[in-house]
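S.K.: Protein chains in written order, with my numbering: chain A, 1174 to 1527; chain B, 207 to 462.
(1) On the CB-based measure, 16 or more other CB atoms within 10 Å of its CB, does residue 1232 of chain A come out buried or exposed?
(2) At the level of alpha carbons, what is the spacing between residue 429 of chain B and residue 408 of chain B?
(3) Give a single yes or no on whether residue 451 of chain B has its beta carbon closer than 7 Å to a heavy atom of the ligand PLP.
(4) Looking only at its chain, what residues have a beta carbon closer than 7 Å to the beta carbon of residue 1319 of chain A, apart from the 5 residues adjacent to it on each side?
(5) State whether the stretch 1322-1333 of chain A contacts the stretch 1280-1300 of chain A, with contact taken as three or more CB pairs (one from each stretch) at a distance under 8 Å.
(6) Nearest chain A C-beta to residue 439 of chain B closer than 8 Å, yes or no?
(7) Check whether the stretch 1438-1445 of chain A and the stretch 1199-1217 of chain A touch, using three or more Cβ-Cβ pairs below 8 Å as the test.
(8) My understanding is that residue 232 of chain B touches residue 398 of chain B, with C-beta atoms under 8 Å, so please give their C-beta distance in whole angstroms.
(9) State the DSSP-derived secondary structure class of residue 1514 of chain A, mapped to helix, strand or coil.
(10) Strictly under 8 Å for the Cβ-Cβ distance: is residue 246 of chain B near chain A by that measure?
(11) Near residue 386 of chain B, which residues of its chain fall below 8 Å by C-beta distance, leaving aside the five closest residues on each side in sequence?
(12) If we cut at 8 Å on Cβ distances, does residue 1188 of chain A have a partner in chain B?
(13) Using a Cβ-Cβ distance cut-off of 8 Å, determine whether residue 222 of chain B contacts chain A.
(14) Taking the alpha carbon of residue 432 of chain B as the reference point, which residue from B/449, B/414 and B/302 has its own alpha carbon closest?
(15) Check whether the Cβ of residue 1430 of chain A lies closer than 8 Å to any Cβ atom in chain B.
(16) I want to verify the contact list: residues of chain A whose CB lies under 9 Å from the CB of residue 215 of chain B, in sequence order.
(17) Helix, strand or coil: which one does DSSP assign to residue 338 of chain B?
(18) Below 8 Å on C-beta distance, what does residue 1411 of chain A contact in chain B?
(19) Could you check the C-alpha separation between residue 1552 of chain A and residue 1446 of chain A for me, to the nearest Å?
(20) Could you please give the first and the last residue of the uninterrupted alpha helix (DSSP H) stretch that includes residue 1252 of chain A?
(21) Counting C-beta neighbours from all protein chains within 10 Å, is the total for residue 1386 of chain A 16 or more, i.e. buried, or is it exposed?
(22) Can you name the residues that DSSP bridges to residue 456 of chain B?
(23) What is the DSSP secondary structure of residue 1395 of chain A, counted as helix, strand or coil?
(24) Does any CB atom of chain B fall closer than 8 Å to the CB of residue 1275 of chain A?
(25) Among A/1488, A/1222 and A/1450, which residue has its Cα nearest to the Cα of residue 1245 of chain A?
(26) Which runs of the beta strand (DSSP E) fall wholly inside the stretch 410-447 of chain B and span at least 3 residues, in chain order?
(27) Strictly by DSSP, which residues pair up with residue 287 of chain B?
(28) For chain A, find out if any of its Cβ atoms is closer than 8 Å to the Cβ of residue 219 of chain B; answer yes or no.
(29) Can we say the stretch 1405-1416 of chain A touches the stretch 1376-1383 of chain A, given the rule of at least three CB pairs closer than 8 Å?
(30) Can you tell me whether residue 260 of chain B is buried or exposed? The criterion is at least 16 other CB atoms within 10 Å of its CB, across all chains shown.
(31) Going by DSSP, name the residue or residues bridged to residue 222 of chain B.
(32) Would you tell me roughly how many angstroms separate the C-alpha atoms of residue 1456 of chain A and residue 1343 of chain A, rounded to the nearest one?
(33) Would you call the stretch 1415-1435 of chain A and the stretch 1249-1267 of chain A in contact, with 3 or more CB pairs under 8 Å?
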């Protein structure tokens, strides 16, 4: 009787461990998809380059050759940026859904995208540089980053005044979104044709202006933020149980929400300022990760990053190949492919989960 | 073993007084129930003891240590509070839901003792077959059992339960309350239960506290304190108390 009891006990723990192993396998699966599409991204492009030339460009590194330039200064940053921005958006989307307790939330829900767009437009239309004296390629990213930050501050201000509940945040986010969207529309109205075209193109979202330096910045921010979030992963998981329950487990929900909000804002702002508005990755990646891995944030954080990277890498590949010889703006691809996927999620949605 | 003592505790939202001059002791190994009409301040009282709210007046002591000097982390390791809400959102297995009850102790890698604690609670409550079911697929009664298990999994010294059996059928009500009384006695926990069902309160508590309009109108042993007059005064309902098979029963007759 007692041996039966101990065998039973061992079975429960092993079943739990199996649950964990299953999740680790999914993480590896996402990783493989990322590697697969990244390889495709380096190999394919408007110019036809042989595998041998690609390998020598990557590992022998002599930049006096046009092929090397294409590989090292176009394709490689493009590929890496797709991975990093996809990951950043995936993680930002996950945490936005968590703190707003809403499955429809994305990194852009609280108006950061509107602020970023307005910042970029300021540069294109008026030539207004918030920090003057910097190289031209950093004007737009810096403007949009600073405006995103301003948006974040506005939301914080609203939150401090009325309490940091999900309801207040959403309402504040809507108001701030509308504010900057109308200001953006005003700028678009006043813009010259070239400026207007530049703004519209920026808003599409595009990886074409990626460089290794910009990728490094996104990488460091993503690393920093994900490590900090992992440290608090259990408290964030508890948030999913509801306000009262989380409090009863000793979690200071307001403090955690503020902290996560700041991290999400920085992450989104950095991702958006270099590549513009790439939609749907932040909405869809967390949902896929959650269906495969449950609610445990230790896995969800990593899973959302990798899922986002996989989606955006795949999207990057599609936008290179869909029109031969040209590169389609990636934001359009993610939106077009994201919509039916999202509808599918909505249709099969299980009750009682949110 | 942790004694819970309240001395002159008061709580107000702005100028609205919710609780006034609350003083009582709850002892380890005993179940103390709090009864009273809706809006009497019972849930607020539990939130004060659990540290979620801080009293505006008076002192709450856990083993003679004033909670005002204790951090949330310290309190939550001693006190386990189960609120009234009976939902478990998200895609969580029962096992993971219970694991979350150990949040004060969890680090990035789950330790053997955390897993053991979950196992023990599943065993004690007879819930082993539920371990890998998804929480959102459970019935209301099953969910309530899981939430109680979650409150117990971090081996608290003080257990605060807000309406723990309101969702359960009579058989499960008896099972759960029997189990709570047994664990309270065996582990010398200090258990405080807010409950609407007067008969259950009479049956399962060593001490009973009657709250009305934010004040204590009676406290002591159930049999001596609970009189028909007191209940009529508190609830505004004429009642009769009968004894059947050694159990006291409160029968509401008519509203006053």
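Just so you know, even glycine gets a beta-carbon here, dropped at the ideal spot from N, CA and C. Computed from a predicted model, the values in this text were never measured in an experiment.
M.R.: Result, derived from the coordinates:
(1) The residue in question, residue 1232 of chain A, is exposed, as its Cβ has fewer than 16 Cβ neighbours within 10 Å.
(2) 7 Å
(3) The ligand content of the structure shown is nil, which means the ligand PLP is not present either.
(4) 1292 and 1303
(5) Because the criterion of three Cβ pairs below 8 Å is met, the stretch 1322-1333 of chain A and the stretch 1280-1300 of chain A touch.
(6) no
(7) no
(8) Yes, residue 232 of chain B and residue 398 of chain B are in contact; Cβ-Cβ is about 5 Å, under 8 Å.
(9) helix
(10) Not one chain A Cβ lies under 8 Å of residue 246 of chain B.
(11) 237, 354, 365, 367, 370, 397, 399 and 410
(12) yes
(13) Not closer than 8 Å to any Cβ of chain A, the Cβ of residue 222 of chain B fails to qualify, so no.
(14) B/414
(15) With its beta carbon at least 8 Å from every one in chain B, residue 1430 of chain A lies outside the interface.
(16) None at all; the shortest Cβ gap to chain A is about 19 Å.
(17) Three-state result, residue 338 of chain B: coil.
(18) 306 and 309
(19) One cannot answer for residue 1552 of chain A here, as it falls past the ends of chain A, which runs 1174 to 1527.
(20) 1249-1273
(21) exposed
(22) B/447
(23) helix
(24) no
(25) Here the closest residue by C-alpha is A/1222.
(26) 413-418 and 421-426
(27) B/366
(28) no
(29) no
(30) So residue 260 of chain B counts as exposed.
(31) B/219
(32) 16 Å
(33) no
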